[in-house]
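Q:
In the numbering used here, the protein residues as written are 3 to 343.
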């Protein structure tokens, strides 16, 4: 009888279960419970597919499952639910004849029915990041300033092309851009790589030297408040994109609650999925690739400098439709997002 290894991703862990081909999904869920303490009826196996068209049930055998597909486990351990329930305020007794609508927010049958940021498993991951993650802080935030969060790869730097110096791969107007916007914005770097690579690239581009005053160049003047790496990201599942690691801005907002919020923060990234949890504060920048061929014509940072200066006095960035930033520049007037009907 053939044995199969089933690999599940859960909370950035890989769980491996070895089952025989005749065992069932119900038996797999029991093993999952033993390892994670997530009750079987609270387990959601995203990406679970059959080899042939059909309906998956608890009696589906392992041999019928397509094990080549990526499977993500969603659900909350019982002890975590108990802790959350214990922290909730006691609700007053209902008067006779009234019934309270019960809703178990720790388990959602269809996770696409409510916004990502309101899902229980997402909230738990966020709380964990907020409580445990430590980035690298280089300079103190300045009260009254907005916050600009920047990606690195393909946003500030062509990390794929070959060159002898960092200057050849640096996006045009980078230091001019940072110097100009620094008047109104604190600047943070958030890359989906390790801290080691962030530091290496910041040195290569000359950003670290200018930010920390270790350069004789007096033309450019700005400071970077922090670096954040992939450790601050969390994984979420959506029907459209599947399993994705994203950059949740609340990790920053909770660290500096009196300084930054959704009203004064904007993030630039060439991958829009990175701000799935905070789409109202993200601006998708055109990727800077093939630097040797595009450097002479790339004016993205030049134009975005003007945009950031234009919106610097706006009192709520989350109301602006950053997808239409070029139209705003052309018209010299703000365009707000349409409210969903």
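Cβ atoms here follow ideal geometry from the backbone N, Cα and C, with glycine treated the same way.
#1: Kindly indicate which three-state DSSP category residue 307 falls into: helix, strand or coil?
#2: Go ahead and pull the three-state DSSP assignment for residue 380.
#3: Alpha carbon to alpha carbon, how far is residue 161 from residue 291? Give it in angstroms, no decimals.
#4: Quick check on residue 283: buried or exposed, where buried means 16 or more other Cβ atoms within 10 Å of its Cβ?
#5: Mapping DSSP to helix, strand and coil, what is residue 279?
#6: Is there contact here, the stretch 245-256 with the stretch 203-210, by at least three beta-carbon pairs under 8 Å?
#7: So what does residue 188 bridge to, in DSSP terms?
#8: For a quick check, are the C-beta atoms of residue 8 and residue 27 less than 8 Å apart?
#9: If you drop the 5 nearest sequence neighbours on each side, which residues of the same chain put their C-beta closer than 6 Å to that of residue 324?
#10: Could you compute how far the alpha carbon of residue 153 sits from the alpha carbon of residue 35?
#11: Mind checking whether residue 73 and residue 10 have CB atoms under 8 Å apart?
#12: Residue 139: buried (16+ other C-beta within 10 angstroms of its C-beta) or exposed?
#13: Output yes or no for whether 8 Å exceeds the beta carbon distance between residue 200 and residue 156.
#14: For the alpha helix (DSSP H) holding residue 204, just list the boundary residues, first then last.
#15: Identify which residue in 331, 329, 321 has its Cα closest to the Cα of residue 340.
#16: How big is the Cα-Cα spacing for residue 311 and residue 273?
#17: Let me know the secondary structure DSSP gives residue 224 once reduced to three states.
#18: Roughly how many whole angstroms lie between the Cα atoms of residue 24 and residue 63?
#19: Mapping DSSP to helix, strand and coil, what is residue 137?
#20: Where does residue 55 land, buried or exposed, given buried means 16+ other C-beta within 10 angstroms?
#21: Reducing DSSP to helix, strand and coil, say where residue 331 ends up.
#22: Hey, would you say residue 50 sits closer than 8 Å to residue 67, going by beta carbons?
#23: For residue 176 versus residue 158, is the C-beta distance shorter than 8 Å?
#24: When burial is assigned at 16 or more other CB atoms within 10 Å of the CB, is residue 299 buried or exposed?
#25: Rounded C-beta distance between residue 250 and residue 131? I'm assuming under 8 Å.
#26: My guess is that residue 319 and residue 265 are in contact by the Cβ rule of under 8 Å, so how many angstroms apart are they, rounded?
#27: Sorted by chain position, which residues of the same chain lie with C-beta nearer than 6 Å to residue 110's C-beta, five sequence neighbours on each side aside?
#28: If we ignore side chains and look at the alpha-carbon of each, how far apart do residue 147 and residue 269 end up?
#29: I'd like to check one pair, residue 118 with residue 240: are the Cβ atoms closer than 8 Å?
A: So, to answer that:
#1: helix
#2: Because the chain is modelled from 3 through 343, residue 380 falls outside the range shown and cannot be assessed.
#3: 8 Å
#4: buried
#5: coil
#6: no
#7: 149
#8: no
#9: 285
#10: 38 Å
#11: yes
#12: exposed
#13: no
#14: 197-206
#15: 321
#16: 23 Å
#17: coil
#18: 6 Å
#19: coil
#20: exposed
#21: helix
#22: yes
#23: yes
#24: exposed
#25: 7 Å
#26: 6 Å
#27: Bear in mind that the predicted position of residue 110 carries a pLDDT of just 34, short of 50, making it unreliable; the figure below should be weighed with that in mind. Nothing meets the Cβ criterion.
#28: 15 Å
#29: yes
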